[in-house]
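**Student:** Numbering (my numbering), first residue to last: 1405 to 2008. Built from N, CA and C at the ideal position, the CB exists for glycine as well. Quick one: structure below, then a few questions.
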């Protein structure tokens, strides 16, 4: 149990999204009434990797840390053991409910029941009723999903209505009309931003609004205020939303109309505000967060459509012809020396690409590995006690790399040693009494105890993970897992010898035909970027792997010359000499190969 769990209980019931607090509180009160003699009860839940959060409690006042600590401790233990637990001495009970996705719910209580049969009856009652919590949670989630689906469907319907319109004016009018219907608004207005000034272009239910210039001007000022701040404004605002935002024009609009609340949203496309929406609704009921989110999402979907329709007032071919002719005049006419210099530079670049020839080299990711690698695995299930060494450390043969907790094994060995001593005494007594049958049985048990003692000592020795040879640790760092559980056969360390290495290259499939055994190349490790090392391709394997959508083959190479202070695990980039090509062909080889494959696939 953590301090944050106790703190959440002291602060009372927190907000939850799994089920309604009223339903959970009603369930808890009903169960406590049926169980009887319940002094304090909690219904808590925990998400994966989260803390305990109270969902219902009885009595309703917040539990102190002193009262909550034993209940949470028993809840942790019940979840860990996946079974109900009861402490008859302290009158504590915890009944867990395990839901999918590692979500845990626990009913825990302090009671005055000391009768064992009554306690068993309480557990039986909880066994039948605890699953109602899961049902309540599932019902709440289904309701949330249904509401989200309805909002998403409404947003797409609104977008479809806007898309269907033929021009910008019709699209803006359709948008404000649909928003007014969906949000039950008295009026929805839209303003277009031009040269940092907002102009009202559409009002719901109104085709000609020039006769109401006073109201239109106040609408424009409210939109201008939201545009200049670049944020959504809700007026009147709660305390959390009121900080840092000016709402003078929003307030003036409310005073002018009376009895309304205002939601003003800037519509942005590519970081630029193109339009502003102003929604006026009766103050009762107030705007909910879900409605504001829906309005923002719907407007975000509609903004690119409105931008395209505004641009679509001109024919596309005419726009293209005009822009192309304009650029050609600037290139061939007077002035614009930069464009002319750019053209000369492009011609010079083409000449260089065609005339200059360069050796083409295949680049591949490289990793240094030991020629032989040995894994150290957990000999049996246990807990990590010490791991003084980790990846990168050098070890000698027989050196202890890590140690498992041997407390249980020590007790096991001591138990069998005590049992062996007890049997020896019993054997001596049987011999003194001359009881041969009893003597034979005791000697058989003594042999079994010796075998078990030898086995326990062997397991004790195996808790020390030792290096099988002089090596460097390539993989493995258990310093963050001290006290954690390990499973039998789980790889803990990977060792490589200190004197034999190989380089593993990951060559892309498209370049594999250029790589052959015996080809020379160079390698630069990330750790030594100033040092180039020669290598020779030794073997091309059929082992392949896919990374970032590229199929790569494993190619093995050996380093030429002194390896110095290298160690397994170093990564770098290798370049293998292939053939000499014109510069343009060397640069365009991959795109041309892709184009040829694409044409082969799709052309008849």
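I believe residue 1479 touches residue 1498 by the beta-carbon criterion, under 8 Å. Please report the beta-carbon distance rounded to the nearest angstrom.
**Tutor:** The residue labelled residue 1479 in the question sits at position 75 within the chain shown. The residue labelled residue 1498 in the question sits at position 94 within the chain shown. At roughly 5 Å, the Cβ-Cβ gap stays under 8 Å, so residue 1479 and residue 1498 are in contact.
**Student:** Should residue 1452 go down as buried or exposed, given a rule of 16 or more other Cβ atoms within 10 Å for buried?
**Tutor:** Indexing the chain shown from 1 puts residue 1452 at position 48. It is exposed - the Cβ of residue 1452 has fewer than 16 other Cβ atoms within 10 Å.
**Student:** Considering only residues of the region 1793 to 1846, which uninterrupted beta strand (DSSP E) runs meet the minimum length of 3 residues and lie entirely inside it, listed in chain order?
**Tutor:** The qualifying runs are 1804 to 1808.
**Student:** Do you know whose CA, among 1907, 1501, 1541, lies nearest residue 1527's CA?
**Tutor:** Mapped onto the chain shown, residue 1527 falls at position 123. Of 1907, 1501, 1541, the residue nearest in Cα terms is 1501.
**Student:** Given a threshold of 16 other Cβ atoms within 10 Å of its Cβ, counted over all protein chains shown, does residue 1644 qualify as buried or as exposed?
**Tutor:** As a position in the chain shown, residue 1644 is number 240, starting the count at 1. A caution first: residue 1644 carries a pLDDT of 49, below 50, which makes its placement in the model too unreliable to give a value.
**Student:** Checking the sheet assignment: what are the DSSP bridge partners for residue 1362?
**Tutor:** The requested residue 1362 does not occur in the structure, where the chain is confined to residues 1405 to 2008.
**Student:** Is residue 1671 closer than 9 Å to residue 1696 when the C-beta atoms are compared?
**Tutor:** Here residue 1696 refers to the residue found at position 292 of the chain shown. Here residue 1671 refers to the residue found at position 267 of the chain shown. Contact flag unset, no.
**Student:** Determine the direct distance from the alpha carbon of residue 1579 to that of residue 1509, and round the result to whole angstroms.
**Tutor:** Your numbering for residue 1509 matches position 105 in the chain shown. Your numbering for residue 1579 matches position 175 in the chain shown. Going from the Cα of residue 1509 to the Cα of residue 1579 covers about 46 Å.
**Student:** Could you check what DSSP says for residue 1644 in three-state terms: helix, strand or coil?
**Tutor:** Position 240 of the chain shown, counted from the start, is the residue given in the question as residue 1644. Here residue 1644 scores only 49 on pLDDT, less than 50, and its place in the model should not be relied on; the value that follows carries that caveat. In this structure, residue 1644 counts as helix in the three-state DSSP scheme.
**Student:** On the criterion of 16 or more Cβ atoms from any shown chain inside 10 Å, does residue 1572 qualify as buried, or is it exposed?
**Tutor:** On the chain shown, position 168 is the one that residue 1572 refers to. Buried, by the Cβ-count rule.
**Student:** Would you report the Cα separation of residue 1859 and residue 1824, rounded to the nearest angstrom?
**Tutor:** For the purposes of this step, residue 1859 is taken as the residue at position 455 of the chain shown. For the purposes of this step, residue 1824 is taken as the residue at position 420 of the chain shown. Straight-line Cα distance between these residues: approximately 14 Å.
**Student:** Give me the residue from 1512, 1810, 1800 with the minimum Cα distance to residue 1887.
**Tutor:** Here residue 1887 corresponds to residue number 483 of the chain shown, with the count starting at 1. Taking only the C-alpha atoms, the option nearest residue 1887 is 1810.
**Student:** By Cβ distance below 7 Å, which residues in the same chain neighbour residue 1576 in space, the five residues on each side in sequence not counted?
**Tutor:** The sequence position of residue 1576 within the chain shown is 172, counting from 1. Hits under 7 Å: 1594, 1605, 1606, 1710.
**Student:** Please report the Cβ distance between residue 1804 and residue 1906, rounded to the nearest whole angstrom; I am assuming they are in contact, meaning their Cβ atoms lie under 8 Å.
**Tutor:** Along the chain shown, read from residue 1 onward, the residue named residue 1804 stands at position 400. Along the chain shown, read from residue 1 onward, the residue named residue 1906 stands at position 502. 28 Å between Cβ atoms; not a contact.
**Student:** DSSP beta-bridge partners for residue 1682?
**Tutor:** By 1-based counting over the chain shown, the position of residue 1682 is 278. Partner(s): 1593, 1668.
**Student:** Can you give me the Cβ contacts of residue 1990 inside the same chain, cut-off strictly under 8 Å, excluding the 5 residues immediately before and after it?
**Tutor:** As a working note, residue 1990 is residue 586 in the chain shown. Excluding residues within five positions, the ones whose Cβ falls inside 8 Å are 1762, 1764.
**Student:** Mind pulling the beta strand (DSSP E) runs of 3 or more residues that sit fully within the region 1942 to 1969?
**Tutor:** With a minimum length of 3 residues, the continuous beta strand (DSSP E) runs that stay inside the region 1942 to 1969 are 1954 to 1963.
**Student:** Looking at the secondary structure, which residues open and close the beta strand (DSSP E) in which residue 2007 lies?
**Tutor:** Walking along the chain shown from the start, residue 2007 turns up at place 603. Where residue 2007 is concerned, there is no enclosing beta strand (DSSP E), given that its DSSP letter is neither H nor E.
**Student:** Would you give the residue range spanned by the alpha helix (DSSP H) that residue 1870 belongs to?
**Tutor:** Along the chain shown, read from residue 1 onward, the residue named residue 1870 stands at position 466. Looking at the DSSP string, residue 1870 is not in any alpha helix (DSSP H); the run it does join, the beta strand (DSSP E), is 1868 to 1870.
**Student:** Using CA coordinates, which residue listed in 1909, 1523, 1511 is at the minimum distance from residue 1495?
**Tutor:** By one-based count along the chain shown, residue 1495 stands at place 91. Checking every option, the nearest Cα to that of residue 1495 belongs to 1523.
**Student:** Between which two residues does the beta strand (DSSP E) harbouring residue 1784 extend?
**Tutor:** Translated into the one-based positions of the chain shown, residue 1784 becomes position 380. Here residue 1784 belongs to no beta strand (DSSP E), and DSSP marks it neither H nor E.
**Student:** Evaluate residue 1622 with the Cβ neighbour count: other Cβ atoms within 10 Å of its Cβ, from every protein chain shown; 16 or more gives buried, anything less gives exposed.
**Tutor:** Position 218 of the chain shown, counted from the start, is the residue given in the question as residue 1622. Buried, because 16 or more other Cβ atoms sit within 10 Å of the Cβ of residue 1622.
**Student:** Thinking C-beta only, is residue 1957 closer than 9 Å to residue 1947?
**Tutor:** As a first step, residue 1947 must be located in the chain shown, where it is residue number 543. As a first step, residue 1957 must be located in the chain shown, where it is residue number 553. Cβ distance < 9 Å, so residue 1947 and residue 1957 count as in contact.
**Student:** I need the boundaries of the beta strand (DSSP E) containing residue 1892, first residue and last residue.
**Tutor:** To locate residue 1892, count along the chain shown from 1; it is residue 488. Counting along the chain, residue 1892 falls outside any beta strand (DSSP E), and DSSP gives it neither H nor E.
**Student:** Under 6 Å Cβ to Cβ from residue 1863, same chain only, skipping five residues before and after it: list those, please.
**Tutor:** One-based indexing of the chain shown puts residue 1863 at position 459. Here the set comprises 1813.
**Student:** Straight-line CA distance for residue 1802 to residue 1792?
**Tutor:** The residue given as residue 1802 occupies position 398 in the chain shown. The residue given as residue 1792 occupies position 388 in the chain shown. Answer to the nearest angstrom: the Cα atoms are 15 Å apart.
**Student:** Who does residue 1986 pair with in a DSSP beta bridge?
**Tutor:** Stepping through the chain shown from its first residue, residue 1986 is reached at position 582. DSSP, once it has assigned bridges, lists 1761 as partnering residue 1986.
**Student:** What are the boundary residues of the beta strand (DSSP E) that residue 1447 is part of?
**Tutor:** What you label residue 1447 is simply residue 43 of the chain shown in a count that begins at 1. Element bounds for residue 1447: 1442 to 1450.
**Student:** Can you tell me the Cα-Cα spacing of residue 1433 and residue 1654, whole angstroms?
**Tutor:** Indexing the chain shown from 1 puts residue 1433 at position 29. Indexing the chain shown from 1 puts residue 1654 at position 250. Roughly 47 Å between the two C-alpha positions.
**Student:** Where does residue 1924 fall in DSSP's three states?
**Tutor:** Position 520 of the chain shown, counted from the start, is the residue given in the question as residue 1924. If DSSP states are grouped into helix, strand and coil, residue 1924 belongs with the strands.
**Student:** Could you please give the first and the last residue of the uninterrupted beta strand (DSSP E) stretch that includes residue 1971?
**Tutor:** Locating residue 1971 in the chain shown gives position 567, counting from the first residue. Looking at the DSSP string, residue 1971 is not in any beta strand (DSSP E), and its letter there is neither H nor E.
**Student:** When burial is assigned at 16 or more other CB atoms within 10 Å of the CB, is residue 1978 buried or exposed?
**Tutor:** As a first step, residue 1978 must be located in the chain shown, where it is residue number 574. Flag for residue 1978 reads buried.
**Student:** In three-state terms, what does DSSP make of residue 1493?
**Tutor:** Against the chain shown, residue 1493 aligns to sequence position 89. Correct three-state label for residue 1493: coil.
**Student:** Could you tell me which residues DSSP puts in a beta bridge with residue 1766?
**Tutor:** Looking up residue 1766 in the chain shown gives position 362. Answer by DSSP bridge pairing, in chain order: 1980.
**Student:** Who does residue 1513 pair with in a DSSP beta bridge?
**Tutor:** What you label residue 1513 is simply residue 109 of the chain shown in a count that begins at 1. 1445, 1497, per the DSSP bridge assignment.
**Student:** Near residue 2008, what residues of its chain come up, given a Cβ to Cβ distance below 6 Å and the 5 sequence neighbours on each side ignored?
**Tutor:** Position 604 of the chain shown holds residue 2008. None.
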